[in-house]
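Numbering (the working numbering), first residue to last: 15 to 768.
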């Protein structure tokens, strides 16, 4: 049967029960017409009108069985009314029409609050509760003062939670912010759960229990300016009364969505000060992971701020045991610490493979005790990837089947009614193709893997490349590694120019496929390898306070090592980086003359001026970048001005001898483009070879394809000129005056030598 419904502006299908709700707009040709809400029983195509008349209907939501429906609606305001009030509606088939069950005057609604039109609606599993959002009533906009007399001013106050730039950036989010509430349908009672004092509410998966949880950083937000995080208080909230109880104050750490057990009877969070996980069982807070002998946070972390934890794999049925990751394995931890934590995967650290659980069933709330247990892993030395199937045996997991190799494996999905996994599989020279793995009944023999697609046969027509790990000793004597990309037609008897592309670490991407597409900023490795370059991406590990020296330690040592190889043209080596990589390129050219060409995208030239700047894409101040994050100074500007100066290329520009191209875009939301100007004008003042590309209106990484194509061409021309001896393009040899902007791109070859 078919059914055509005209003028439908919004609709929603139930997951079960075969229901469809639709908003039918009024007929513009009929002055008496009204908008209506239609409920359709899909198999029978039976239509019921459950509400007639109104201005705005939003957030349709069915209960799990499809028997109940909720939505919010505004039905009374005149077209130009400045303040509009929404009501919460419910329909369960017992009445002819949907019933308004809550509005701003309902008992339990806090004074000055109303129903939020932006918050999502959600029924509890039983359908007895309806979770919704409330929001402050916003004062009407001033329409009495003439616009010509309305002052436009941002007032910055030192006690503001966030800087004005952040407030303005988040304005829409804050205007739509709501606080969690619940309507008990069986009791016809509204209970406010969230509040400004406990604004982030976590509802357990099984949401018919007596408690929800909330976190709040109220009164702790100013330090976000230089830490990029805030301490949090954790609360339990009684669902029936709304009463709040403090569980943990001033948590410096991580509270995950997985922190709440499925039934809501327990919590687990990571405390960065203790570098341990803690639990709450309804009455007591305990530290529960002291028996684990390994770090539960990023072992390779080298920034001044706290390292991130590896996270939680899930909960076992019963809500008393949680599964926690270390770098390689998974530990079963009792929330009351009544038993020693046990390593249930056992083999990860021994084999140097980091195992991560793949949740195949999104409706599965507990870590499964049977069925297919699928894991992804990567060997931390070879970087080979794999998928593994495990089964429980005497309280531990045994891996009984594997697909592994020199590939990167995508996240698999499982067929709904068969033991078959589908996933992508790729490596540098093979684009991601779809594969299926017939896992079969456990513990049978290895399942058969089949490739289903061949999406890139045209690649066979091109000179591609290979990727392998390259190892050497850094200048400080420590072992170092990176990825070496060689042309497919590599000939050891020839000499090749070399490009170094770096950021932080790259070897984890050894088997990633890199399509030869126009670039937003970074070096397109496949393109350059195909053109006869060798490209090397070294891993860089940092010493706090000395990012420039750390970069020098690894990149220069890599160049020294490569220079000894017979097929390396050591006189023709270049460097390229974007953002943090661009900063390091700018630093390196002040520290060494061994590179013949350098390209820096979005570099910071002067940490002392950038320190107090704004990241305009978020409104955040940049202080955190240096004190706790990527720039890795680990101190304020006033505590260690020497480190800010040492790691700022601007103060060392007289040493530069390498030609440098800078990309600094005037709409960059991460690095202020005046940093590129400082670098360019400094080098120009000193008579150095320097060019700057400013893509008008462009972001930190180029977004418009025309600009991506343009920079790809210019980057190729620059490196081909200096490293291959080709004729320079006119933009390099002569420049392009503003008078010819938009008429002359300067990308043809010049008759002049630069």
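Note that CB positions come from ideal geometry on N, CA and C, so glycine has one too.
Could you name the residues that DSSP lists as bridge partners for residue i?
i: residue 285; result: 267 and 290
i: residue 440; result: 422
i: residue 149; result: 128
i: residue 46; result: Paired residues: none, contrary to the question.
i: residue 203; result: 198
i: residue 338; result: 326 and 345
i: residue 449; result: 437 and 465
i: residue 62; result: 53
Taking the CB atoms as reference points, tell me whether residue i and residue j lie closer together than 9 Å.
i: residue 343; j: residue 372; result: no
i: residue 303; j: residue 310; result: yes
i: residue 183; j: residue 631; result: yes
i: residue 85; j: residue 50; result: no
i: residue 580; j: residue 547; result: no
i: residue 192; j: residue 212; result: no
i: residue 651; j: residue 625; result: yes
i: residue 105; j: residue 113; result: yes
i: residue 710; j: residue 593; result: no
i: residue 225; j: residue 251; result: yes
i: residue 291; j: residue 336; result: yes
i: residue 552; j: residue 495; result: yes
i: residue 704; j: residue 685; result: no
i: residue 392; j: residue 541; result: no
i: residue 384; j: residue 408; result: no
i: residue 76; j: residue 65; result: no
i: residue 613; j: residue 537; result: yes
With burial defined as no fewer than 16 other Cβ atoms inside 10 Å of the residue's Cβ, what is the status of residue i: buried or exposed?
i: residue 672; result: buried
i: residue 197; result: buried
i: residue 339; result: buried
i: residue 459; result: For residue 459, the predicted structure reports a pLDDT of 49, less than 50, and the residue's modelled location is therefore unreliable. A value from the coordinates is still provided. So residue 459 ends up on the exposed side.
i: residue 109; result: exposed
i: residue 22; result: exposed
i: residue 59; result: exposed
i: residue 728; result: buried
i: residue 754; result: exposed
i: residue 520; result: buried
i: residue 68; result: buried
i: residue 604; result: buried
i: residue 765; result: exposed
i: residue 525; result: buried
i: residue 588; result: buried
i: residue 94; result: exposed
i: residue 352; result: exposed
i: residue 87; result: buried
i: residue 468; result: exposed
i: residue 395; result: exposed
i: residue 190; result: exposed
Looking at the structure shown, is residue i part of a helix, part of a strand, or coil, going by DSSP?
i: residue 755; result: coil
i: residue 517; result: coil
i: residue 459; result: The pLDDT assigned to residue 459 is 49, lower than 50, so where the model puts this residue is not dependable, and the model offers no usable value.
i: residue 719; result: helix
i: residue 413; result: strand
i: residue 32; result: coil
i: residue 468; result: coil
i: residue 652; result: coil
i: residue 567; result: helix
i: residue 552; result: strand
i: residue 725; result: helix
i: residue 635; result: strand
i: residue 666; result: helix
i: residue 589; result: strand
i: residue 38; result: strand
For my contact list, residue i and residue j are in at a C-beta cut-off of 8 Å; report their separation, rounded to the angstrom.
i: residue 135; j: residue 199; result: In fact, because the Cβ distance is near 12 Å, the residues do not count as touching under 8 Å.
i: residue 514; j: residue 611; result: 11 Å between Cβ atoms; not a contact.
i: residue 316; j: residue 527; result: So it is not a contact: roughly 28 Å between Cβ atoms.
i: residue 53; j: residue 73; result: Rounded, the Cβ-Cβ distance is 16 Å, inconsistent with contact.
i: residue 332; j: residue 270; result: Residue 332 to residue 270, Cβ: 20 Å. No contact.
i: residue 345; j: residue 276; result: Wrong, their Cβ atoms sit about 19 Å apart, outside the cutoff.
i: residue 646; j: residue 318; result: 6 Å
i: residue 608; j: residue 573; result: 6 Å
i: residue 635; j: residue 628; result: 6 Å
i: residue 247; j: residue 264; result: 7 Å
Is any heavy atom of the ligand MN found at a distance shorter than 8 Å from the C-beta of residue i?
i: residue 74; result: Looking at this structure, you won't find the ligand MN or any other ligand, since it has none at all.
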